[in-house]
Each structure stands twice: as C-alpha cells, then as structure tokens.
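Chains as they are written, first to last, in our numbering: chain A, 1 to 394; chain B, 395 to 691.
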C-alpha cells in the first residue's frame with residue numbers, strides 16, 4: 001500500500017523526522033490560508049497523486065507542472081485552483097493521468113546539497129537495510145547501475161536494531177560533519193523508528209537535503225507498507241486512497257480475491273497464486289495475451305467464482321476466459337456447479353474454456369457438459385490455453 | 395527414507411480446534427498420518443475427533459506424545475508466537491501453513507531461531523508430503539493442506555514456493571507413473587524458514603531421491619542461489635519451472651514474495667540461472683513432469 005506525500009509528512013511529524021513545514025489543502029481558500037500561515041513567500045504548491053515526475057507533468061487542462069514555487073498566499077490559491085479537480089499526466093501515470101484532489105502547501109527550503117536515504121526490508125539478509133548516497137534528487141537505480149560505489153548499504157540486525165556506530169559510519173561516509181552529523185543521526189534514528197513501528201516494507205527519502213544553515217531535512221518521501229501488517233495499523237489503513245487504485249482491484253479485494261489488471265484480452269480465473277501466474281504464462285506461450293492475474297484462493301467457492309466472473313467481465317478488453325482449477329481438496333463437481341451457476345447469473349456470452357483437475361473431476365466434467373452452456377473443456381493446462389487462444393481468434 | 399518426515403513421524407497440530415486446522419488434521423488422519431496431538435491454549439484435556447488428545451502447550455504435547463513435528467494453523471497475529479513455541483519445545487520441524495504474517499514478525503522469528511535445532515518450513519505454504527505405500531499413497535505423512543491422493547510413493551523430490559502449482563507438478567508425475575520421495579512447499583513469503591537450496595541439499599543426500607523438480611517464481615534470488623549450488627554439487631538430475639514470465643514489475647502477484655523490484659527477480663533471469671546450472675527448464679507449467687522425464691535421460 002502507498003500513501004500521499006502529505007500523509008508521509010504527517011507521519012514524519014508524528015515520529016520526529018525533520019521535514020519542511022506544510023499542510024494539505026482541499027481547495028484554493030485552504031491553500032491561501034496555509035500559505036499565509038507559512039509566511040506567504042517562498043512556498044511550494046504540490047499536486048497530490050501517487051506518481052513520480054509531478055514537476056515535469058502537464059494537466060489535461062493545459063496547465064504545466066504539478067509542483068510550483070510561489071511568492072504570495074494569493075498566488076498559492078490561484079495555483080491550487082488550477083490543480084484541484086484536474087487530471088495530471090506524468091511519465092509514471094500513463095496517458096490517462098491521475099485526478100488531483102488535494103495539494104500540499106509547504107515551505108520551500110534552500111538547498112546546499114541533496115542526498116538519498118532509504119530503509120527497506122531486505123529478503124536476502126532477512127532484515128532491514130539502510131541505503132544511502134551522496135547522489136540525491138535523481139533516479140537512484142541509475143546511480144546504482146552507473147556508479148555503484150556511490151551507494152552505501154548498511155545492514156541492520158533484526159533484533160538489535162539500528163546501532164549508534166552505524167549512524168556515525170553513514171554520516172561520515174556521506175560527508176556530514178559536526179552538528180550536521182548530529183542532525184543526520186537524529187533524522188535517521190527517527191526514520192528507523194517510523195520504519196519499524198509502522199511495518200513499512202520501504203521508506204525512501206529522495207531527496208534528503210542539507211540546508212545552507214546546517215539543517216538536515218526530508219524533502220520528499222515514498223512509503224510502502226507491508227499489507228500483511230495493516231491489521232495492526234488502522235491509522236495507516238485509513239490513509240488508503242482507493243481513487244489511486246484500479247477500481248477492479250479494489251472491488252476484488254472486497255471478496256477476498258486477488259486480482260491484478262493487465263493489458264491483454266484473455267481473462268483467467270485460477271486457484272492459487274503460483275498456478276495463476278503460470279496460467280498467464282501459458283496463455284502468452286500459446287500466442288495470447290493475459291488480461292489479468294486472478295487468484296480465487298486455494299479452495300474455490302461458488303460465490304467466489306461468481307464474483308470473479310463479474311470482475312473479469314468488467315474489463316471491456318476481455319474476449320475470452322480461461323478457468324483453471326486444480327481442485328485438490330475441494331470436490332471438482334462443486335466447482336463445476338459454481339462455474340455453471342455463475343455463468344448463468346452473469347449471462348456469459350464470451351468463449352469460456354474450463355480446465356478442471358483433481359478430486360471427483362469426472363462428475364465435474366459431466367456437470368459442465370450437461371449444463372447447456374457453450375463452454376469448451378480443456379483436457380490439460382496446455383490444451384485449455386491453446387483452445388482459449390484459438391477461440392478468440394475465431 | 396525420503397526427507398524430513400516419513401510414515402513414522404509423529405505430528406502435532408497447533409490450532410487443531412479451528413475450522414481450517416481441524417479440517418486438515420482430519421484429512422491427515424484419513425491419509426494415515428500419525429497425528430498424535432493437538433494444541434489449543436485453554437482447551438487442554440479435550441479430544442479432537444474422539445481420539446487425538448489436545449494440550450494447552452506445545453511442550454506438554456510433545457513430552458506426552460513424542461511428537462517431533464508441528465503444523466501451525468493459527469491466525470496471522472498469533473503465528474509468530476506459535477512458531478517460537480514450537481522452537482522452544484525443541485521440535486525437529488515446524489511447518490507454518492498460516493498466510494498473511496507480517497514480514498517484521500518473520501524477521502524476528504528467523505533471527506530468534508539462530509542456533510536452534512528446529513527447522514521451519516513456510517510460512518504461507520501448503521506443507522509437505524512423504525507419500526505412503528498404500529492405495530493412492532495412503533499411509534504417508536501429510537503435513538499441511540496438500541491433497542494426499544494425488545501423490546505416489548517413489549523417487550522424485552519436489553520443492554516449490556507455490557501450493558496448487560506443486561499439486562500440478564505432483565499430479566503430472568503421478569500420471570506419468572513417477573512417484574515422489576517427498577514434496578515440499580516452502581511458501582510464498584519473502585522471509586521463510588527453508589529455502590530451495592536447503593531442500594536441494596537434503597534431496598541430494600537422500601538415497602531414495604533420484605531426481606528433483608524445483609519450482610520457483612518471480613521475486614528474490616532463492617532460485618538462483620539454489621541453481622548455483624546445484625551446478626557444483628548436485629549429483630541428481632533436476633527439472634525446473636519458473637512462474638511469472640508475464641507478471642508486471644512492481645506488483646505483488648498474490649504471494650507476498652512474488653514481486654519484481656528494481657528489475658531484479660524476473661522469470662527470465664531465473665530461468666537463465668537454472669539453465670546455466672544444467673537444469674532442464676520446462677517451457678510451460680503443463681510439461682513439468684515431461685521435462686523431468688527428459689532430465690532422467
């Protein structure tokens with residue numbers, strides 16, 4: 001799960017990570033009032049969307065730039081007016097862009113130097129790793145590729161946590177001296193506490209900045225939270241912005257289905273995540289393009305199959321459906337009855353290929369054959385994938 | 395032989411009185427597995443299915459019944475504690491089926507397990523099966539949620555991160571008349587107890603195992619590490635499959651650990667690593683079994 005910049009700023013303030021002053025505005029009047037509070041001049045107005053490249057983005061109404069420096073409260077209001085309710089297109093949003101509902105009004109700070117700082121959960125070392133670089137404000141993946149020596153990695157012990165010597169080591173390697181090093185240490189300590197306390201899988205501060213007067217501040221941040229841990233963080237769960245997510249994915253999650261929309265035209269409905277990925281792969285292998293990833297769970301009930309069909313059919317690109325169920329424990333006949341009932345309920349008219357395997361499969365195949373539905377039975381996974389690709393080509 | 399468990403293994407179930415744990419405890423009993431105890435705090439003294447004694451603690455259950463292996467079916471908020479209780483009781487093997495455990499919990503569990511004698515399999519896994527010698531492999535050791543009847547006792551070791559994809563491979567093998575020594579689902583989480591590499595080593599040392607199927611998926615580098623080891627040390631033919639060639643980068647594909655991040659962990663890179671190690675890679679999930687036959691030569 002991701003959050004907006006203004007929400008990241010709220011978390012920074014709560015955990016004591018130094019960051020420029022600022023607040024979120026829902027409309028031009030609020031933007032003016034906040035800018036006034038911040039002193040009026042030297043204030044930035046930033047469009048709030050879950051996408052990078054905002055500064056260089058363009059609104060669909062023609063207004064250029066999702067980040068603007070302004071010098072009066074009135075100007076802050078005018079800019080906010082031009083952003084709120086408009087759709088911003090950046091290199092990360094795709095052509096459709098993203099609707100801006102809020103803007104962040106923040107103090108602009110003078111920058112002496114930019115750095116990169118992140119904490120992430122590293123599966124190889126099975127613990128947190130701090131990644132830092134003197135090359136801030138740019139794409140860190142490019143830095144890692146071209147000048148890997150400029151990337152610092154510091155592994156944190158899973159049980160001991162961040163140690164003072166590690167902070168000193170990083171401060172020295174980044175070139176912070178004296179009071180700057182102390183300021184960096186304070187920020188890193190607070191950031192680490194936030195990372196652990198909120199079950200983050202990643203928190204990336206880019207850029208981290210040093211100001212001419214020696215402050216170390218987190219200027220922009222990207223968070224990623226461990227979805228498995230959201231149950232113990234209702235305050236973070238509440239930060240979820242469904243308007244930033246694919247509506248089909250939001251709908252699917254209500255029914256305990258795991259759905260990810262893709263660009264192809266062959267929908268698939270599978271039980272189990274590994275098998276669901278493998279089913280997408282075999283569709284592609286047979287010359288088709290998968291329209292989605294959809295895992296209905298290791299078991300598969302009639303209700304889940306019905307809901308899954310509805311979500312699949314909500315994608316106008318879908319021209320055919322492949323159902324692949326390995327009913328290990330569940331009775332295949334129960335699944336077959338579910339498929340038949342669901343197809344009838346949603347009035348399915350697209351080609352449907354069903355591959356059933358497992359417990360009581362013969363009865364299941366019989367139910368499908370006698371259903372009167374125009375469905376195609378696949379003998380095995382390869383056969384089923386081949387049949388669905390041919391069916392939509394026909 | 396087989397690895398980790400066999401028909402003599404005594405198993406206890408943590409969370410046996412829950413609907414999920416109870417259902418699969420019953421299926422294991424039906425399969426002929428020696429489920430000798432259940433553990434549910436506060437329900438000690440009761441019996442499961444009129445025959446399996448329930449205890450309040452794992453230590454008590456292990457001491458009273460001689461169970462050396464535990465299967466965990468408790469909900470995610472309590473799963474880390476359940477694993478640590480099994481470790482504290484000195485069990486040989488703890489198999490955690492639970493899906494949805496916070497990564498930080500697993501990070502702490504793994505660190506706390508350093509130096510202990512207990513092996514962890516999972517979490518977020520289907521468990522493991524050493525097939526029995528009876529009809530439809532009855533009489534084997536089934537720990538977890540896999541369908542027992544799809545197995546057949548034999549000499550192919552199977553290791554995989556996924557559940558139903560493992561069943562697919564096992565079923566293909568059984569249809570081809572190739573039995574399995576042990577089938578291990580190591581789970582789809584980013585931090586788990588037992589890796590592909592751990593299983594390859596055990597299969598390599600197991601006299602009953604003659605060939606291995608290794609099934610991986612996008613995310614992390616566990617498959618690459620296993621392949622690098624196999625290239626130098628594995629004496630047995632291996633067939634492989636990697637799921638997720640069509641998965642978009644940056645998205646979690648169902649499993650918490652199945653994500654391509656920063657261009658790393660792609661299916662293509664993993665397949666390349668497997669091929670480089672002399673592992674025959676199945677082009678589609680439909681020919682995992684056939685690829686193993688080819689690997690056997």
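Built from N, CA and C at the ideal position, the CB exists for glycine as well.
Within the segment 404-424 of chain B, those residues whose Cβ lies closer than 9 Å to any Cβ of chain A are, in chain order, 417, 418, 421.
For residue 282 (chain A), the C-beta contacts it makes with chain B under 8 Å involve 678, 679, 680, in order along the chain. The criterion of a C-beta distance shorter than 8 Å is not satisfied by residue 315 (chain A) and residue 364 (chain A).
Closer than 8 Å at the C-beta level to chain A, one finds these residues of the segment 634-656 of chain B: 635, 637, 638, 639, 640, 641, 642, 645, 646, 647, 648, 649, 650, 651, 652, 656.
The CB of residue 276 (chain A) comes closer than 8 Å to the CB of 647, 648 in chain B, given here in chain order. Under the 10 Å beta carbon count, residue 646 (chain B) is surrounded by 16 or more other beta carbons and is classified as buried. Annotated as proximal: residue 47 (chain A) and residue 66 (chain A), with beta-carbon spacing under 8 Å.
A check of alpha carbon separations from residue 679 (chain B) across A:289, A:277, A:290, A:292 identifies A:277 as the nearest. Residue 682 (chain B): member of the alpha helix (DSSP H) spanning 682-690, first to last residue.
At a cut-off of 8 Å between beta-carbon atoms, residue 558 (chain B) makes contact with chain A. Shortest Cα-Cα distance from residue 524 (chain B) to any of B:426, B:485, B:407 involves B:426.
Selection B:430, B:415, B:561, B:411 evaluated against residue 402 (chain B) yields B:430 as nearest (Cα-Cα).
Counting only Cβ-Cβ distances below 8 Å, residue 527 (chain B) has no contacts in chain A at all, with the closest Cβ about 21 Å away. Sequence-distant Cβ neighbours of residue 432 (chain B) in its own chain, meaning closer than 6 Å and more than five residues away, are 407, 410, 442, 446, 448. With a cutoff of 8 Å on beta-carbon distance, residue 120 (chain A) and residue 201 (chain A) are scored as near each other. Between the alpha carbons of residue 149 (chain A) and residue 132 (chain A) lies a distance of about 11 Å.
Listed by position along chain B, the residues whose Cβ is nearer than 7 Å to that of residue 258 (chain A) are 648. For residue 505 (chain B), the neighbours in chain A by C-beta distance under 8 Å run, in chain order, 126, 127, 157, 158, 159.
Around the beta carbon of residue 500 (chain B), a 10 Å sphere encloses 16 or more other beta carbons of the protein chains shown; the residue is thus reported as buried.
As the crow flies, the alpha-carbon of residue 516 (chain B) is around 16 Å from that of residue 576 (chain B).
Taking 8 Å as the threshold, the shortest C-beta distance from residue 669 (chain B) to chain A does not fall below it. Taking 7 Å as the upper bound on Cβ-Cβ separation, chain B lies near residues 329 of the segment 329-340 of chain A. Unbroken beta strand (DSSP E) runs of no fewer than 3 residues, entirely contained in the segment 140-213 of chain A, are found at 151-155, 200-210, following chain order. Residue 662 (chain B) is classed as exposed because its beta carbon has fewer than 16 other beta carbons within 10 Å across all chains shown.
If you keep only unbroken beta strand (DSSP E) runs of at least 3 residues inside the segment 249-276 of chain A, you get 258-261, 266-270.
Taking 8 Å as the Cβ-Cβ cut-off, the segment 533-550 of chain B approaches chain A at 539, 540, 541, 543, 544, given in chain order. Ranked by how close their Cα comes to the Cα of residue 38 (chain A), the residues A:288, A:370, A:23, A:206 have A:23 in first place. Classified as exposed, residue 395 (chain B) has fewer than 16 neighbouring CB atoms from the shown chains inside 10 Å of its CB. Measuring C-alpha to C-alpha distances from residue 393 (chain A) to each of A:337, A:351, A:227, A:374 identifies A:351 as the nearest. Secondary structure remark: continuous beta strand (DSSP E) runs of at least 3 residues inside the segment 293-350 of chain A, in chain order: 320-327. Taking C-alpha positions only, residue 297 (chain A) is separated from residue 384 (chain A) by approximately 20 Å.
For residue 359 (chain A) and residue 3 (chain A), the gap between their C-alpha atoms comes out near 44 Å.
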